[in-house]
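Notes follow once the structure below has been shown.
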Amino acid sequence: MTLSSYARESRDYPIQKWVFEDAAGRFDIDLGDSNMVPGRLDALNVPPGLELDYGHDRGLASLRTAVAGLYGGSAESVLVTVGAQQALYLVYAALLTPGSRVIAFRPGWQQSWDVPPEFGCTVELVGFRPDLSFDIEAAEAAAGPDVKLIVANSPCNPTGRRIAEEDLRGLLALASRTGAHLLLDEEYALDLSRSAAVGADRVISVSSLSKVYGFPGLRVGWLYGPPDVVELCARRKFLSTISNSVLCETLAVDVLAHREEHLRTYREITRQGLGLVREFARRNADAVTLVEPEDTPFAWLWLTTGEEPLAMCRRALDLGVLLMPGETLGASDGFRICFARSAEAVAEGLGRVERVLRPSAPVPGQAPAPAA
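Residue numbers (our numbering): 5 to 376.
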């Protein structure tokens, strides 16, 4: 694949339209979402007699301490938020002013190019290199004296690739030269102690319990960064949601207390699922090309049949499988597939997708599908 084919503009097709309108109620196998198979409440400990007061606007002290421990830093650098989505939004609201320029990478999470214009800012969207590494040279070319924020996601959703150390150094140098902040969406990072935000005065890391831990329903996220940025964001959080749910934050403390156990489960499930996706890609090498993911619960597959990903994903939806077409993420040549599901669900879902890609081909280990 070429950079131009990957980075070219695709039709505006928001992810929420696909998931909550087009696909709602039409699938029984979810390979489209981007998180670990969701956990259950009965796997967590709810302290008896928990008082459901307002809690604290910056998050329960015990939770902030636990999050700070992930980075090896101080709780004063932590703000607990309503998911990573709010954390990202608060950073935009705190650091951007009308006329500011934002550099973001595409494909990626639509929020990074849709929200800044709401604050009167210009967003420069930068594509990836042909090997899907971050194009730092293109980011530098797009920069100017009015750059206030550089936004990068590592590992990246949807490519599944991390920022290489050399490229990260390039982003840090660019931020230093322009006086900008670097905002790292690290939802899929397994070791936050290696985050560039640790000990930095212009780098902010955002993460949550939604993706790797599999608890998106708790709506607990955070940002970790310079205390002055945390303070600016905390003020805006107070004016919007005041605080998080004490119940959800208490459950979040329990999740992090058993972090290693959750990560072991994550690694085992993703190992099995990725093996099935690799075999699927080998069987269908004339239709898809797998981009090997780097510790993400999903993978990006180039669609090489000439069909638009959205059209192919609609046909898969007709067979009850949810995939994520590239058009929802700012791309037009492929689709994202989540494999952090039970081996049975992944195998069945891939079998149905194979019937979409190759209607006349037999699918190993799969029974014939009923008529759609």
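Where a beta carbon is used, it is the ideal one built from N, C-alpha and C, also for glycine.
The way I'd put it, the segment 319-328 doesn't touch the segment 182-194; fewer than three beta-carbon pairs between them come closer than 8 Å. Taking 3 residues as the minimum length, the beta strand (DSSP E) runs contained wholly in the segment 114-190 are 126-130, 151-157, 185-189, in order along the chain. DSSP lists Trp304, Met328 as the beta-bridge partner residues of Arg340. In the structure shown, the three-state DSSP call for Phe284 is helix. In terms of CA proximity to Val207, Asp232 leads the group Gly310, Asp232, Thr308.
Of all C-beta pairs linking the segment 171-186 to the segment 282-293, fewer than three are shorter than 8 Å, placing the two stretches out of contact. By the CB criterion at 8 Å, Glu253 and Gly59 fall inside the cutoff. When the five nearest sequence neighbours on each side are left out, the beta carbons in the same chain lying within less than 7 Å of the beta carbon of Leu129 are those of Ala108, Arg110, Trp117, in order along the chain.
Taking Arg68 as the centre and dropping the five residues before and after it, the same chain places the C-beta of Arg62, Ala79, Val82, Val84 closer than 7 Å to its C-beta, in chain order. The alpha carbon of Thr300 has as its nearest neighbour, out of Ser209, Asn157, Ala98, Leu56, the alpha carbon of Asn157. Counting only runs that start and end inside the segment 41-106, the beta strand (DSSP E) elements of at least 3 residues fall at 82-86. Taking 8 Å as the cut-off, the beta carbon of Val210 is found closer than this to the beta carbon of Leu227. Taking the CA atoms as reference points, Ala200 sits about 25 Å from Pro134. Listed in chain order, the non-local C-beta contacts of Gln115 below 8 Å within the same chain comprise Gln89, Leu92, Tyr93, local neighbours out to five positions each way being set aside.
Scanning its chain for C-beta atoms nearer than 7 Å, with the 5 sequence neighbours on each side dropped, one finds around Cys237 the residues Leu83, Leu94, Val95, Ala98, Leu227, in chain order.
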